[in-house]
Structure formats: structure tokens, C-alpha cells
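Enquirer:
2 protein chains.
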Amino acid sequence: MPSISQRGVIMPSSPIRKLVPYSDAAKARGLRVFHLNIGQPDILTPEVALAAVKNANFPIVEYTHSAGMPEYRRKLSKYYAASGIDIKPDEMLVTCGGSEAVLFAFMSCLDPLDEIIVPEPFYANYEAFAASAGACVKPITSTIETGFTLPSIEEFEKVITPKTKAIMICNPNNPTGYLYSEQEFMQLRDLIIKYDLFLIVDEVYREFCYDGAQHFSCMYLKGVDDNVIMIDSVSKRYSECGLRIGLLATKNKAVIASAMKQAQARLCPPTFGQIAAMASLDVPEEYFKAMNEEYRRRRNFLLDGLNKIPGVYSPMPRGAFYTVAKLPIDDSERFCQWLLSEFSYNNQTLMLAPAAGFYSNRLLGRNEVRIAYVLNCDDLAIAIDLLARALKSYPGRTPESGSPLMEHEKRWLQGNK
Amino acid sequence: MPSISQRGVIMPSSPIRKLVPYSDAAKARGLRVFHLNIGQPDILTPEVALAAVKNANFPIVEYTHSAGMPEYRRKLSKYYAASGIDIKPDEMLVTCGGSEAVLFAFMSCLDPLDEIIVPEPFYANYEAFAASAGACVKPITSTIETGFTLPSIEEFEKVITPKTKAIMICNPNNPTGYLYSEQEFMQLRDLIIKYDLFLIVDEVYREFCYDGAQHFSCMYLKGVDDNVIMIDSVSKRYSECGLRIGLLATKNKAVIASAMKQAQARLCPPTFGQIAAMASLDVPEEYFKAMNEEYRRRRNFLLDGLNKIPGVYSPMPRGAFYTVAKLPIDDSERFCQWLLSEFSYNNQTLMLAPAAGFYSNRLLGRNEVRIAYVLNCDDLAIAIDLLARALKSYPGRTPESGSPLMEHEKRWLQGNK
Chain A
22 MPSISQRGVI MPSSPIRKLV PYSDAAKARG LRVFHLNIGQ PDILTPEVAL
72 AAVKNANFPI VEYTHSAGMP EYRRKLSKYY AASGIDIKPD EMLVTCGGSE
122 AVLFAFMSCL DPLDEIIVPE PFYANYEAFA ASAGACVKPI TSTIETGFTL
172 PSIEEFEKVI TPKTKAIMIC NPNNPTGYLY SEQEFMQLRD LIIKYDLFLI
222 VDEVYREFCY DGAQHFSCMY LKGVDDNVIM IDSVSKRYSE CGLRIGLLAT
272 KNKAVIASAM KQAQARLCPP TFGQIAAMAS LDVPEEYFKA MNEEYRRRRN
322 FLLDGLNKIP GVYSPMPRGA FYTVAKLPID DSERFCQWLL SEFSYNNQTL
372 MLAPAAGFYS NRLLGRNEVR IAYVLNCDDL AIAIDLLARA LKSYPGRTPE
422 SGSPLMEHEK RWLQGNK
Chain B
22 MPSISQRGVI MPSSPIRKLV PYSDAAKARG LRVFHLNIGQ PDILTPEVAL
72 AAVKNANFPI VEYTHSAGMP EYRRKLSKYY AASGIDIKPD EMLVTCGGSE
122 AVLFAFMSCL DPLDEIIVPE PFYANYEAFA ASAGACVKPI TSTIETGFTL
172 PSIEEFEKVI TPKTKAIMIC NPNNPTGYLY SEQEFMQLRD LIIKYDLFLI
222 VDEVYREFCY DGAQHFSCMY LKGVDDNVIM IDSVSKRYSE CGLRIGLLAT
272 KNKAVIASAM KQAQARLCPP TFGQIAAMAS LDVPEEYFKA MNEEYRRRRN
322 FLLDGLNKIP GVYSPMPRGA FYTVAKLPID DSERFCQWLL SEFSYNNQTL
372 MLAPAAGFYS NRLLGRNEVR IAYVLNCDDL AIAIDLLARA LKSYPGRTPE
422 SGSPLMEHEK RWLQGNK
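What follows is the structure in C-alpha cells.
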């Protein structure tokens, strides 16, 4: 039998999806499973997007331009301009999901054995795409105790080598919900100039910022046009995960040209997806306002509930719809599996994502989980109750308690209910 | 400025699409351009597929299973069974077009510097996907004089090295239209057993076989379950290029597991595409019969017309909807560009694909073009007339004439009008 590639062997499995067989089995036993493990929002896809697909009237579903429909790119250019971001239609490629945009960016910037620095915990699939490119993710650790702020520039410099080609940031962050500040980006700017690095920023959660916080886009950075690559997607923004429409944007002409060769090789992004995504740009400002208000309510409800459970701690996320929580447990993979295979209360249980899968250093995150607040508050209430009960009976419970909620966070939470 | 990856530099541009600016300019000058350069069929997408999308009734466009919707895979399994092909739902991955299936197969089988043997001329994008994997395409040449039959096994053995991991075949072939025989596949079977190689077969044109010829699928081969990987797509079969739905199938569990890790990293194939593709499986047998009859008519019309032009020769393709023709010209890239920028007759011109882009050896195919017969016979008649006129006035015309139509081909063409 011919052997598969080394890449195929070392590529990590999705840590988020590998508990699926246990959840399937739990459902087969008749349990209701509350899914806080995945980023599939329950928000309705905008009617205007669904209508555009229904009303699409062509007799042949043809290829589109490899870079995406020109009219969609022109419209996207206006969408970004409204946030003060200057991206011309020929500075962007429409991709098959944000995933393909990450793949194109890595393939265009990283050769085998090149290194890319990513603050951990990070979106696990970055590691798979780095493996596709034969490149190596160099993690630097951000910690729950500091609320997952950007590690100091000294930490970055410690791991920079001649093989370092890029830094990757997800802002707002998946899995932590941390929203990077302008000041943090200015530090990164100095760093990429000093070491001549690419800065690849995943902004798929750009519209999910709470408490009036402004999102600072990497495209705002001055003087680093050739360094910066932005990744985007409509999946979360409009609850359109299944469309598979994303974006790569950069002013670096060599990167766009390289990514375009990959785009031409795979011919084009999905036609129906582009039609729906283009129509979605017409949703009114109120859509985002209502969605943000709903997520803010859920976040406050979740964080309040979590931090009231003895031994549990989660810092307050200011963006996206995830939070990482520290639990009084021995091992979150074991705990999450136990939730699905041994625990139940009133014929219900819950599914969480073990945070270890979001750390490149497999020793970290062992007592942390990622929780996606993609359920409404009624369901969140049940899920929080289930978690509290589960932690009482879990055999691997540890005596150590989580970090306490900091005083300023308590005050802040009080004021934001 | 940070430099892009070596991969990004060496990855070839699409030879089919790089004439697009000249064609755009020709249209801007008011010319009508007959497109025989691309595989975008003019056949209507089945009504049942478009209706399935219009009638899809869900409030949220969610992610699907990373391997593709289970019900779609079950239905595909039955589609293949009807052709005597045994593929179980867990032996297949639904991909974002056949392109992604090729990428997943290469990524799963080939490490950097590994080699894959492909008879040339071949579908140019294979080279881009090999470059993505860091692997090297080793071409062996099939010639227009032999009608593009499979090169002898000795030719394969000449280029096999310890780095050779796979052989790739497209059947029926793009760009040549050649349909490989069972006997040729039995020779390949012996070869992959002898050298323990993967055999990756692109069968996206499987339903396009003419004159009663049977398609021989790689999945028919016995005793090489762990070597064989099949690539498929709905793009041409149902005229659904824009759906971006393809397939990777293999009984090799390690390959499926590796491809599945890539599939999970990119989350899922497009939801609307899967809905349309699934509905397409209900088109009646008559759909293919009518489509095949139409393409057969076009092929005969085109080949008859081409071979009547002095100095032009094209062997009779038995599958797909392409043919490669030898023209009495100095350089097909120059000729194709000249057609778009300098030639016109009655305010019309035509666009062809220079065949050099389909050869890895850039010295070959310089006087050949690929012609896709994706236009109806009325338009083909105009296109053939334009080609004949263009060849008369092209300044780079060479005195040498193309290979004559062989006697048995003339007889055959006579009987198949």
C-alpha cells in the first residue's frame, strides 16, 4: 500500500469536531444536547439574502470570475469604505469561505519550514492550513489571567528566527473573544516593520464588538501596505456559514498575484453563495445593531452565570461570540467527553469545546473550555445550570478554584446587565 | 517588503485565462468573440436542480457535515452503483468542486519534492495543485500523431524514481478528448502494483463518451483498492460549473482520513451547491442521452470542419468536449492573441486555448490549440469559417501542413454524420 504524505499524517484533527461521535451517541440515547461547542449561530440569515437566491434567474449556473463577481467586489469595496477601510476591487479576492482565504494567504507567504507566530489559544484550523503549506506555527501564550491580552512584544521577539515570515492575529479573537486595541496593533506595526514580516489578520468577527468598542482593522495601519493581509467572511456576520464566501484583501500586489494563481486554479467561488452574500450587503444598520444587542445580552447572561459557579472563571470578552472559561477539572477533553457519555440531568446535557485544542502547546488549556454563546438566554440558562450540576458530580473535579472575577470586571458587569 | 513564498512565485498562471484581457479588449472594440477556449457548457442546468435551490426552505444557511450532507452521499453511492461502481458514503468526501478534490488528493499523497507522473498534454491546473503540495509533475508525452493514446509503460518506467508517488490520468481526457481503454487501465494497474503508486483518476467527464463507447472507471480495477483515488464533479455533467461541488472517493482509509482532516479545516462544501447537486441526481437517463447526442453532433461537425481546413489536423476525440488541433502556425499563443487583437471578419473573431499551456514541456504544443465544442453547430460553423479565414491571413503561418486525417478516421467520420 502506498503511504500517505507526512503532511497528511501530522495535520491535526479538528479538536472541535472530534467529540461529534459522542454527541451523536448521546442523542441516540434520547438526550437533548445543548451545543455550546461550535460557532454555528442561531441568528436567522437575512431574508434579503435568501430571497436573492430564490429570485436568481439564470438558466445555467456558470463559473464566475476567479476573483469573485466584479459587481460583488465593487459593492464590498463600499461596505469597507463605510468603516474607513480602503480596499479596491482589484485588491481583494472572494474565496470559498474565510478558510480558503487563510489557505491562500499561507500558501502565498509561507514556504515549507517557514514559521508563523500566532498568539495562543488560537483558532485550531490555522494549524491545519499551516501544515498544508508545510509551515510551522510558533505559538506565544496569552493567558486567561490577563484576559488574553496581546503577549508583550518581547515574547514575540523571543521566538522570531530567520525563518519567521508572518504573524497571525484573529480580531476579535476566536476562541477568547478578546478585542485587540489600536495600541496593541501599533506595537505589532513596529514589529513587522522591524523584522519585515507579514501581518495576517482574521477579521471575520469584525461586526461583533460590544459595549461601544470600536473594531480596529489591520487595514487602518499606515505605512505597512505590503505587509498586511486581511481575512474576512460572511459566515458569522450574516449567519451564512453554509454559503462558503470569504475574502482575502491586501495592497501587496505580489501576494494578490500569487493568491490569484491559486484562485484561478480552483476556478471560482460558489455562484449562489456570491449572490446571497452580495444581497446581504443591503441589510440595514439595524440588523447589526439588533444582532449585537442580542449577543451582548447573551454574553452578559453567560458570563454572570459562569462566574457564579464555584471554581469557574471566565474573563469578560468584548468581541466575537466566544469565551474561554477555566473550570475546576483535571482535563477538559475528558470532562467534555464525560458530559456527553456519562452525565445527564432531566434528559439533557451540554457540549463544550475543550480549550487544549486551541493551544499549540498541548500542556496548556487542560482545565479550560471554549463556550460559544450561540443559543438564546433561555437555553443558556439551562446550559449554565447543567454545567454547575455536572461540575458537582464530575469525578475528575480538582480542589483548585478558578481565578476570581476581578473587582473592576464585577463592577463593569453590574453596570452592563 | 516581505517576499512571497517560492511556491507563490513558481506556481503557473492559468494558460486558459491569461488571454482574457485581450478578449475583453476585443469586446470593448465591439467585436463578437466566439469562445471555444473554456469548458463552460451552454447546455441548460437541469430545471430540477434550479427548482431545488428556489424551494430550499431553511431560515439559516448552516454548515453541513464536512464530508458533505449524509443524504447526498447516500444518493451518490446509488448513482455510482448504477454504473457498477461500489463507493460507500464513508468512502467519499464532497468537495468544493473537482478542484478541491484534486488538491486534497495531492496534499494527502504528495510531500514536497515528491513526483507525480501525468501524461501530457494535461489539464493545466494539476500543475498548480502539485505546486501547492510542493510536489513535481513529471510529464510523459502523448502525441497528436497517435491520437493521444496512453504512452507506453516503458515511457512511464523511464521517469519513475524513488520520489515517484503517483500517476494521474484524466479520463475522458481534458484537453485531448481521448477515452482510455480498459486495456490501458490494466497496464496502469500492473504498474501501480509493481511500484506501489497511487493512481489518481479525474473522471469529471465520465458521462461524455460517444459512439457507444463505455467509460472504464478506475474504481473497476480489482486488487488495488488502496492505490486508487477517483476525482469527480457535477460541473460539466449537469452544466453546474458555478455550484462548486465535486467529489473525492477512495477505499484507502488513510487517504480518506487525511483528506477528512483537510475537509474539517475548511468546514464544509457549499450548502446551496449540495442541494442543487443532490436534486440533479434525479434527472432522467434521457437528459444524458440528449446531451450526449448534442455533443456528438457538435463534435462531428467541428472535426469535419477543422480537418477540411488546409494544414489543420485534429484526431477524433471519443469523450469529454474538447479536441486538440494542430495548426499551420509558428506559435499558438501568438496566434490566439493575434486572433483577439488584430484579426476580425464581419466584426467577429474567436478565442482558442493555446495548447502549450497543457504541456509541462514548454517546447511542445506550440502549433496546437485546444478547442472546446461548447457552442451549438450554427455558432461552430461561424467559428470554423473564422478560423479558416484567420489562418489565411495570419502572418506567422508556416508552410508545413498538419497531419492528414487517417483513412480509417475519414471512413469513421463519414459513417457517423
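As you go down the protein sequences, you meet chains A and B in turn. Heads up: the first sequence is residues 22 to 438, going by the working numbering. Heads up: the second sequence is residues 22 to 438, going by the working numbering. Where is the CB? At the ideal position from N, CA and C, for every residue including glycine.
1) Using 8 angstroms as the Cβ pair cut-off and three pairs as the minimum, do the region 241-255 of chain A and the region 112-123 of chain A touch?
2) Please classify Ala341 of chain A: is it buried, with 16 or more other beta-carbons within 10 angstroms of its beta-carbon, or exposed?
3) To which residues does DSSP link Tyr343 of chain A through a beta bridge?
4) Under the DSSP definition of a beta bridge, which residues are partnered with His56 of chain B?
5) Ser279 of chain A touches chain B at which residues, Cβ-Cβ below 9 angstroms?
6) Over the uninterrupted beta strand (DSSP E) stretch that includes Gly267 of chain B, give me the two end residues.
7) Here's a check: name, in chain order, each residue in its chain whose Cβ is nearer than 8 angstroms to the Cβ of Thr164 of chain A, leaving out the five neighbours to either side.
8) Give the single residue among A:Tyr241, A:Leu360, A:Tyr259 and A:Asp223 whose Cα lies nearest to the Cα of Ser44 of chain A.
9) What residues in its chain sit with their C-beta under 7 angstroms from that of Lys186 of chain A, if we drop five residues either side in the sequence?
10) Any beta carbon from chain B within less than 8 angstroms of Gly89 of chain A's own beta carbon?
11) Using only the alpha-carbon positions, how far apart do Asn437 of chain A and Gly386 of chain A sit?
12) Does the region 143-154 of chain A come close enough to the region 271-286 of chain B that 3 or more CB-CB pairs lie under 8 angstroms?
13) Would you kindly work out how many angstroms separate the C-alpha atoms of Thr85 of chain A and Ala409 of chain A, rounded to a whole number?
14) Check each residue of the region 147-164 of chain A: if its Cβ is closer than 8 angstroms to any Cβ of chain B, include it; give the result in chain order.
15) Can Phe293 of chain A be considered in contact with the ligand FAD, in the sense that its beta carbon sits closer than 7 angstroms to one or more heavy atoms?
16) Using only alpha-carbon positions, find the residue among B:Ser362, B:Met337, B:Asp107 and B:Ile25 that is nearest to Arg50 of chain B.
17) How do the region 165-175 of chain A and the region 193-206 of chain A stand: do at least 3 beta-carbon pairs fall below 8 angstroms, yes or no?
18) Does Leu384 of chain A pass the burial test, meaning 16 or more other C-beta atoms within 10 Å, or should it be called exposed?
19) Determine which residues of the region 195-225 of chain A have a Cβ less than 7 angstroms from any Cβ of chain B, and write them out in chain order.
20) Helix, strand or coil for Phe219 of chain A per DSSP?
21) To the nearest whole angstrom, what separates the beta carbons of Ala402 of chain A and Pro196 of chain A, a pair I think is in contact under 8 angstroms?
22) From Gly267 of chain A to Cys117 of chain A, what distance separates their C-alpha atoms?
23) Spell out whether any CB of chain A is found under 8 angstroms from the CB atom of Leu268 of chain B.
24) Starting from Ser254 of chain B, trace the alpha helix (DSSP H) both ways and give me its first and last residue.
25) Residues in the same chain with beta-carbon distance under 6 angstroms from Gly423 of chain B, minus the five sequence neighbours each way, listed in chain order, please.
26) For the 8 angstroms Cβ check, are there 3 or more pairs between the region 76-84 of chain B and the region 56-70 of chain A?
27) Is Asn437 of chain A helix, strand or coil by DSSP?
28) Please specify which runs of the alpha helix (DSSP H), each continuous and at least 4 residues long, are wholly inside the region 90-131 of chain B, giving them in chain order.
29) Of the choices B:Ser260, B:Glu205, B:Tyr231 and B:Asp232, whose alpha-carbon is the least far from that of Tyr241 of chain B?
30) Please determine, among B:Phe379, B:Leu52 and B:Arg339, the residue with the shortest C-alpha to C-alpha distance to Gly233 of chain B.
31) Taking the straight line between their C-alpha atoms, what separation do you get for Thr167 of chain A and Arg391 of chain A?
32) Considering only their Cβ atoms, is the gap separating Met22 of chain B from Asp107 of chain A smaller than 8 angstroms?
33) When the Cα atoms are used, what is the spatial distance from Val180 of chain B to Leu209 of chain B?
34) Relative to chain B, which residues along the region 358-389 of chain A have a C-beta separation below 8 angstroms, given in chain order?
35) Are the region 93-104 of chain A and the region 188-195 of chain A in contact at 8 angstroms, needing three or more beta carbon pairs?
36) Note down, in chain order, each residue of its chain lying with its Cβ closer than 6 angstroms to the Cβ of His56 of chain A, except the 5 sequence neighbours on either side.
Expert: Looking at the atomic coordinates:
1) A contact is defined here as three or more CB-CB pairs under 8 angstroms, and the region 241-255 of chain A meets this definition with respect to the region 112-123 of chain A.
2) So Ala341 of chain A counts as buried.
3) Bridge partners of Tyr343 of chain A: A:Ala393.
4) For His56 of chain B, which the question treats as bridged, DSSP gives the partners B:Met372.
5) For a Cβ distance threshold of 9 angstroms, residue set Ile25, Ser26, Arg28, Gly29, Val30 and Met32 of chain B lies close to Ser279 of chain A, ordered along the chain.
6) Annotation: the continuous beta strand (DSSP E) that includes Gly267 of chain B extends over Gly267 to Thr271.
7) If the five residues before and after Thr164 of chain A are omitted, its C-beta is found closer than 8 angstroms to no C-beta atom of its own chain.
8) Ranked by Cα distance from Ser44 of chain A, the first of A:Tyr241, A:Leu360, A:Tyr259 and A:Asp223 is A:Leu360.
9) A distance below 7 angstroms between beta-carbons, with the five flanking residues on each side excluded, links Lys186 of chain A to the following residues of its chain, in chain order: Cys130, Leu131, Asp135, Glu136, Ile137, Leu218 and Phe219.
10) For Gly89 of chain A, the answer is no, since every Cβ of chain B falls outside 8 angstroms of its Cβ.
11) Because Asn437 of chain A carries a pLDDT of 47, less than 50, the predicted location of this residue cannot be relied on, and no value is offered for it.
12) Flag = yes, the region 271-286 of chain B and the region 143-154 of chain A touch.
13) Near 51 angstroms, if we compare the C-alpha coordinates of Ala409 of chain A and Thr85 of chain A.
14) So the list reads Ala149, Phe150, Ser153, Ala154 and Gly155, given in the order they occur along the chain.
15) No copy of the ligand FAD occurs in the structure displayed, which carries no ligand at all.
16) Here the closest residue by C-alpha is B:Ser362.
17) The region 165-175 of chain A vs the region 193-206 of chain A: in contact.
18) With fewer than 16 other beta carbons inside 10 angstroms of its own, Leu384 of chain A counts as exposed.
19) Closer than 7 angstroms at the C-beta level to chain B, one finds these residues of the region 195-225 of chain A: Asp217, Leu218 and Phe219.
20) Of the three classes helix, strand and coil, the one that applies to Phe219 of chain A here is strand, per DSSP.
21) 22 angstroms between Cβ atoms; not a contact.
22) The alpha-carbon atoms of Gly267 of chain A and Cys117 of chain A are separated by roughly 6 angstroms.
23) Leu268 of chain B does not count as touching chain A.
24) From DSSP, Ser254 of chain B is part of no alpha helix (DSSP H) but of the beta strand (DSSP E) over Val249 to Ser254.
25) Low confidence applies here, because Gly423 of chain B scores a pLDDT of 48, under 50, leaving its location unreliable and the question unanswered by this model.
26) A contact is defined here as three or more CB-CB pairs under 8 angstroms, and the region 76-84 of chain B meets this definition with respect to the region 56-70 of chain A.
27) Since pLDDT at Asn437 of chain A reaches only 47, below the 50 mark, its modelled position is unreliable, and the value read off the structure follows with that caveat. In this structure, Asn437 of chain A counts as coil in the three-state DSSP scheme.
28) Within the region 90-131 of chain B, the complete alpha helix (DSSP H) runs of at least 4 residues fall at 91-102 and 118-130.
29) Nearest to Tyr241 of chain B by alpha-carbon distance, out of B:Ser260, B:Glu205, B:Tyr231 and B:Asp232, is B:Glu205.
30) For Gly233 of chain B, the nearest C-alpha among the options comes from B:Arg339.
31) So the alpha carbons of these two residues sit roughly 17 angstroms apart.
32) Cβ atoms of Asp107 of chain A and Met22 of chain B: not closer than 8 angstroms.
33) If you draw a straight line from the Cα of Val180 of chain B to the Cα of Leu209 of chain B, it is about 14 angstroms long.
34) Listed in chain order, the positions of the region 358-389 of chain A with a beta carbon within less than 8 angstroms of a beta carbon of chain B would be empty, since no residue qualifies.
35) With the cut-off at 8 angstroms, the region 93-104 of chain A and the region 188-195 of chain A do not touch.
36) When the five nearest sequence neighbours on each side are left out, the beta carbons in the same chain lying within less than 6 angstroms of the beta carbon of His56 of chain A are those of Met372, in order along the chain.
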